[in-house]
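K.L.:
Residue numbers (the working numbering), protein chains in the order written: chain C, 2 to 124; chain B, 6 to 361; chain F, -16 to 480; chain R, 1490 to 1995; chain L, 587 to 735.
Questions regarding the structure given below will be posed in turn.
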Amino acid sequence: MADALFWIGGGLIVAGAMLSVLGAAGVLRFPDVYTRIHAASLTDTGGATLMLLGMGLLGPFGLITLKLLLVWAFIMLTSPAAANALANAAFGSGHRPRIGNFQIMGEDKATDAAPESAGKERA
Amino acid sequence: MTAPVLEASFALNVALLLMLVVLAAAVVWTRSLLAAILLMSVYSLVSATWLMVMDAPDVAFTEAVVGAGISTIVALGAILLTRGEAVRVSWKRQVVPGLLAGLVGGLLIYAMSGLPDFGDPASPANSHVGRAYLETAKRDIGAPNVVTAVLGSYRGFDTLGETVVILAACIGVALMLGFGPRATLAPPAGAPGDHHVVLRVTAKMLVPLIILFALYVQFHGDLGAGGGFQAGVIAAVAIILHALVFGLRETTAAIPPQAARAVAALGVVVYAGVGIVCIVNGGGFLDYDHLLTPQIEAMIPAGLLGDPDKPHHWGQYFGILAIELGVLMTVSATMITIFYGFAGRTIDAIAAELRR
Amino acid sequence: MNGGELLILLALTLPLFAAAMIYAVGRMPDVRETLTLVACIGLAIVAISIFVRVGQGDPPALTVAEPLPGLAIAFRVEPLGALFAVMASVLWGVNSLFSIGYMRGRREARQTRFYICFALAMFGVMGIAFAANLFTLFLFYEALTFVTYPLVTHAGTPAARRAGRVYLVTLVGASVLLFLPGIIGVQSMAGSTTFTPGGLLNGRVDAAAGSVLLLLLVFGAAKAALMPLHGWLPSAMVAPAPVSALLHAVAVVKAGVFAVLKVSAYIFGPDLISTLPAATWILWMAAGSIVIASLVALTKDDLKTRLAWSTVSQLAYVTSAAMLPMASGLVAGGLHMVFHAVAKITLFMCAGAIYVATGANRVSEIGGLGRRMPWVFVAFLAASFAIVGLPPMAAMWSKFLLITASFGSGEWFTAAALIASSLLSLVFLMPVAFRALFSPAGDGAGGEFVRPGGTPVTSLVALCVTAAACVVLFVAVEPLADYLAPIAAVSFMETAP
Amino acid sequence: MQLEALYVAQPALTAQAPILAIAVPLIGACAAALAPSGRAGWMISVVAAMVSAWMALAVAGEVMREGVILYQLGGFAPPAGIALRVDAMGALIALLIGAVGTLAAVFSGHSLAAEVRPEKHTLFQAGFLLAQAGMVGLVYTGDAFNAFVFLEVSSIGTYALVAAGERRDRRALPAAFNYLIMGTIGATFYVIGVGFLYGATGTLNMADMAARLGTLDQNAAVQAGFAFIVAGLGVKAAMFPLHGWLPGAYAHGPSLISLFLAATATKAAIYLMARFLFEVFPDGAAFGDMFLQWVLAPLGAAAVIVCSLQAVFARELRRMIAFSSVAQVGFIFLGFSLANASGLSAALFYMTAHGLMKAAMFMALGGLAISIGARRLEDFAGVAREAPWTAVAFGIGAASLVGTPLTMGFLAKWQIMEAALAGGRIWIFAVMAAGSVLTLVYVGRIIEVMFFREPAPGAPRAKESPVGVLVPLLILAGLSLWFGIDASLPQQLAQAGAASLFEVRP
Amino acid sequence: MSWIATHFNYVVVVILMMAGLFIVFSSGNLIKRMIGLALFQSSTALFYISFGKVSGGTAAITLDAQGAEGQALAAQLDPAYVAQFGVEGVVYSNPLPHVLILTAIVVGVATLAVGLAIAVRVRESYGTVESDEIDAVSRVAAEQAEPAP
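So, in structure tokens, the structure goes:
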């Protein structure tokens, strides 16, 4: 029983870690801000959930499980909110998605450099 | 003597340290200050993890809240007010600094050969005073967390100094930034009822939670990792979050800058006051065994903290409690003051200053 | 506080008090100058009573403060100092008398400052004279430099300022770089700097260290104007005549040679000196000084400058005396210090008197003046005799003793230099008086006095007094020499051949 | 003057005096930060500084009577607990800090009004008191790491205080930044050094460290620890060539801070270095002696010559005096490098003398800065006529700097030179003499301009300093004179301190 | 090789220290210099903590050796080792460096805050945070050398 729990828990943690690595790759490879945010936030919550689950299985049941639960709740609360805020801020500072209708509309080619140049102008 | 090297933990140690080296190299490399600051934030997080491997949960906790938290916020505030990129430095001007750093490094490498092996339990560092604390803390202080015992009591004077350093930073930042043109940090996007409603709702839920957590960290310091310093930073973060989401005007209405400065000073007064009370009651400075007069001690019910049979060091207990409170006050108020200082200056304010 | 302490305190405070009073009444010249004279007389009385006490074997002493253990500001009078004090205070009086005439006659500016600085200079001189240790001597020695600086630059012309700068740089530089290190050296070797009969360092230093210290201390006392540190003296002649008279014949330069004598007698002691190679080197340099300065004096037409070079030469006599490996040299040096002072002040006062009366300051301008100013030139002649070392002038004795001592100790070179210098001074001094008195008509024979009435009476009295003193001291030399004998632990009869 | 006659303290208070000398300004700083007005802040500052000075006096008296004082904090005996350990040397430096701090606090009333924005006054006073508390703590503590904490307590506020001079001279800002960078590197070096020593001995208490280091002087870690500690403290002490921060910080900061730092900050760091050099490190070890002779002495000599020359050629008056401070530190290190009791005692005496004279000079300039904003030397032409008392006090400080007899500076130079001769180190003696002459040159320049030159037509006229400045200023100048005539108080403490350090050596 | 293994942590500390110092000395940007300073200071934390680690030790929070946790820890170690280096049956890491580094971290953040505040003021006063440009402005000012109003 304990062995099985160990393997399941370990597997979950590894899976969570893999998910996070995939998310990181997405952040590097995706074309624009919004898809990158999407990659980061989704894998973040997903990976964290898997890992916390794995940890819960590995540790003794009790206070630690409760703590892990709280951590999970916290992540579920903050991570999407942060992603939302980030996307919001990106939109507010003039970034437009590169795919879908927006690309056809052809606004703003060099979106990546926008925040910095904006900062410079203000400075 | 054969030291049982725990292979797994050592491998983790090596891996994390290598990550730190890579991060440091990236910080050296990059010219973007934003990138450097974020890399430093990651650096802190990684080093906090490493500190956990090194059995230093208190330090890890602190490194996480300070390095990844408050330092990043302050540094971001600073580049917002200055500029985002460093000028390229020609290689010629890097030769001398490189040589200097190399010189120091060479001296250090030479010196390292005289240091005991990593993890050696018999090294002087681990066998003299450090070990004495482990042996006597329970008896002298009564707190299970030896780090807290040393921090609060054995080396409480250091901690007083540390608190004063924080106060000094508060005074320094207030002197530098606190009296200039004061701007109101408006809610992130100007329009009322805008897209930020998610953020606001979340923040409203989070702020009390964070403060609750700070209190937990504060009072849990006796038993586990944590204490006044970490709690202070966490509490400050709650306020800073409030300011970021709801605007500086809202926050300063709740906590005026003058009040924050006053609390920072009062924290040190509380800490030093404990020391003075000890003197008045016939002991030395910060000698908590004399904090309570016998009459007061007699009034404490024996079973106040659980097990009635165990002898309890009430003086030490309340002393550490009180000084941690002082630390909490000073640290949280200082962090808030620092944030106010940086946030209170905007680019427009700078322009106004330049025109003056 | 006993009588001795009181006397020393009086000697020190009287000039200070006088300076303050002069400042207070500066607007009333008559009161001011009366005050100066009263102070002179008072100081002379005090100095003489100290002199007498020392003679009676009851030397006054006083310790003022001890900033560090072994480093005290203390006074203790010994014969040489007592003599120096008497000489300086009496000559101050005489000089003040002269100054009154001179300064009024020339209508000089800033007369109050002039008198104040004089009084302060006497404060410095008294401190130097009575100092019980090198440190105290150094203190007052430096004070003397600074209070006399305004006197040197009195004229306020660029030339005067330049001379003042040379004066300060040479004297202070030598003090800081040479004299003070020497003192510290003495302190570190002996644990104190107290003047000790027989020599403080005697038996405590080896020849090398002793030589270094001796060189530092002798050359550090740049007021003694030993070549090559003599440059300040001729250039300081831009000062008014009374300044040259008192300071550059009596107070300042004599403070230098006095310091050398004290160092020789009480820090090293004759025994140690006789073993130090540096003493011989200094003797040679002094001999060179004597001859070269005399030769330079020959070439100078400006009367005061000529006298100044003569002073350089004569000061080197005293330095030589201090360095002779023979105790009697010290007595000779002490005597010569006094006798030369009396003679030289006379010469300077004469030069001043000529200048104030006729505006002439060059030797070539004074031909035939003697007819109109007989007293002045008779006094000049007498003083010239003294400088050359002819009887019946007191300086003959000291020179005689000096030459004997140099022969006696085998320093023939010094003796030769002394004799050569006497001959040279015959050549450069005698013609001055002779040209004035006996030349039928020179450039200055005709014409009017610049100042109606010629030399002021007070000035005339003053210079006659000192000229007479040259003669009187000739007779009184034996008691004086005996008075000084304790410093070298010999008596006059032994020193005489 | 006997020390015991100087103070009156209740016995109970005397026992607690060491900690009160630190705690009172600390609490005073908090009170000042809370003060309702600048005036109230000033009063708190004066009172707290005065109490601290009084306590330091009590400690000094106690040390003279009883020898080294140990004060355990928290009731734990060292090495487990932190202990204050005050020897005569520390008592002397703390006394200097207390005295200068008190006078500076009095002076600050007028000075701040002229130089710092009014709303900043309370915080400024608070920062000033923190710096004072930090320095006293640094001097009193017997714990190597605690010393680091106090080093930072005294520094962190000070950086901002220097920067606060920007109202008058904006170069204060980069100067303060530079100071912060250098100071922090120095402090971190110190921590690294202490880390090595801790790694080698397992203790942080300096006395315990000394005992356990006994045989370890060949250990590479100990040697490196030594090097790092000296280099780190060398930065704080403005040891040549690590002094780069000092001229800017002193020249452009507010007068109050320049004067306080110049008089005390470098001294506290030098004192700590002396304790490591002579108390903690393996006694008579070839390594330490080699360091003193081949590193410290040449660096001291270089500081004396190079920085005196820089002072000679400086154009701004305060910069000149700041360079002079570095040169004077060189004199102090020359005294140390003699490695004997008389050299150390002389160097300590020199530290005290230098603290008093520099405080007087900077305070005089601060008094003048109230009425004229002059910086260049020429702008001070003829100030002696308009502000005679201030100029005279400056002149006394300058005279002491040169080493004029009857001032404290003379006795200080005298002692070091005498010790150098006694130790047979003629070249040190020669460097001292040369340095004194260079000092004479630049001081002579200043005095000539201030006292003997006519003010330029149309230049702003200086005014005599207000009484609130003159009183502390004249007291400082008077102390320089008084100790030049009767030096027994600093002398006794310096000698006892040096003796106690060398007693430790076998 | 074994030296590398036993001193690996120290070598990393040295590298980090050099990196921090290099940034401080080479960069002209005040903010970057502060970041370098922070890196430099944090390396001392690694240094102290490294020699406080005891092989097989646990965090210095006292445990009951007879309790479950204590037993689990003891099971991983040689009993003789525990007997020699343990305290009441448990091997702990050294708490003292932890305490010291807590203080050092706090000092670090204080320094960072003050330094950045000064940098911000420099930016306001000079319009730049690059040392070269500040020097240029100062030099011009020094040449004019006008007395402050």
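Just so it is clear, CB atoms sit at the ideal spot from N, CA and C, and this is done for glycine as well.
Computed from a predicted model, the values in this text were never measured in an experiment.
(1) Per DSSP, F/Tyr338 is paired with what?
(2) Terminal residues of the continuous alpha helix (DSSP H) containing B/Gln300?
(3) Quick check: C/Thr44 and C/Ser80, are their CB atoms within less than 7 Å of each other?
(4) In chain order, what residues of the same chain have a beta carbon less than 6 Å from the beta carbon of F/Glu16, not counting five sequence neighbours either side?
(5) Indicate the three-state DSSP secondary structure (helix, strand or coil) for F/Asp284 in the structure shown.
(6) If R/Leu1788 and R/Phe1851 are in contact, beta carbons under 8 Å, what's the gap, nearest whole angstrom?
(7) Can you give me the start and stop residues for the beta strand (DSSP E) that F/Glu49 sits inside?
(8) Which chain C residues sit within Cβ distance under 9 Å of B/His201?
(9) So, using beta-carbon positions, are R/Gly1844 and R/Lys1902 closer together than 7 Å?
(10) Can you check whether the CB of B/Val70 is closer than 7 Å to the CB of B/Gln223?
(11) Compute the beta-carbon to beta-carbon distance between R/Gly1892 and R/Phe1883, rounded to the nearest angstrom, for a pair I have assumed lies under 8 Å.
(12) Whose C-beta lies closer than 6 Å to the C-beta of C/Val28 among residues of the same chain, with five residues either side of it excluded?
(13) Kindly say whether C/Ala82, judged by its beta-carbon, lies nearer than 7 Å to any beta-carbon of chain B.
(14) If you reduce the DSSP assignment to three classes, tell me which class F/Arg345 lands in.
(15) DSSP three-state label for R/Phe1729, please.
(16) Give the interface partners of B/Ser132 over in chain D, defined as CB-CB distance under 9 Å, in chain order.
(17) Pull out every residue of the stretch 620 to 643 of chain L whose Cβ sits closer than 7 Å to any Cβ of chain R, in chain order.
(18) Are at least three pairs of beta-carbons, each pair with one atom in the stretch 87 to 95 of chain F and one in the stretch 59 to 67 of chain F, less than 8 Å apart?
(19) Looking at R/Val1938 and R/Ala1870, is the spacing between their C-beta atoms short of 7 Å?
(20) For R/Glu1641, count neighbouring Cβ atoms within 10 angstroms of its own Cβ and tell me buried if that reaches 16, exposed if not.
(21) Answer yes or no: does any C-beta atom of chain R fall closer than 7 Å to that of L/Ser612?
(22) Helix, strand or coil for B/Gln321 per DSSP?
(23) Which residue comes first and which comes last in the beta strand (DSSP E) that contains R/Gln1561?
(24) Quick one: give me the first and last residue of the alpha helix (DSSP H) that F/Ile256 is part of.
(25) Do you know offhand how far B/Ala277's Cα is from R/Arg1807's?
(26) Would R/Asn1708 pass as an interface residue toward chain B - the criterion being a Cβ-Cβ separation below 7 Å?
(27) Would you please state the rounded distance, in angstroms, between the beta carbons of R/Met1578 and R/Ala1908? I believe it to be under 8 Å.
(28) Spatial neighbours of R/Leu1650 within its chain, please: C-beta separation below 6 Å, excluding the five flanking residues on both sides.
(29) From B/Gly252 to B/Gly346, what does the alpha carbon distance come to, in whole angstroms?
(30) B/Met210 versus chain C: which residues are under 9 Å apart at the beta carbon?
(31) Beta-carbon of B/Lys97 versus every beta-carbon of chain L: anything under 7 Å?
(32) Should R/Leu1523 be labelled buried (16 or more other beta-carbon atoms within 10 Å of its own) or exposed?
(33) As a quick exercise: from R/Leu1515, R/Gln1505, R/Ile1670, R/Ala1542, pick the residue whose alpha carbon is nearest that of R/Ala1738.
(34) In the DSSP assignment, find the unbroken alpha helix (DSSP H) run with F/Phe58 in it and report its ends.
(35) Please go through the same chain and pick out, in chain order, the residues whose beta-carbon is closer than 7 Å to the beta-carbon of F/Ser227, but skip the five residues on each side of it.
(36) Let me know if F/Leu467 comes out buried or exposed under the rule of 16 or more other beta-carbons within 10 Å of its beta-carbon.
P.N.:
So, from the data block:
(1) According to DSSP, which records beta bridges pairwise, F/Tyr338 is partnered with nothing at all.
(2) 299 to 304
(3) no
(4) Ile83
(5) coil
(6) The pair is not a contact, with the Cβ atoms about 25 Å apart (cut-off 8 Å).
(7) 44 to 51
(8) Asn85, Ala86, Asn89
(9) no
(10) no
(11) Contact doesn't hold; Cβ gap of about 16 Å is too wide.
(12) Arg37, Ala40, Ala41
(13) yes
(14) strand
(15) coil
(16) Looking for chain D here will not work: the only protein chains present are C, B, F, R and L.
(17) Leu623, Phe626, Gln627, Thr630, Phe633, Tyr634, Phe637
(18) no
(19) yes
(20) buried
(21) no
(22) helix
(23) 1558 to 1561
(24) 252 to 256
(25) 38 Å
(26) yes
(27) About 16 Å; that fails the 8 Å criterion.
(28) Gly1616, Ile1746
(29) 14 Å
(30) Leu78
(31) no
(32) buried
(33) R/Ile1670
(34) Segment 54 to 59 is the beta strand (DSSP E) holding F/Phe58; no alpha helix (DSSP H) there.
(35) Met220, Lys287, Phe331
(36) buried
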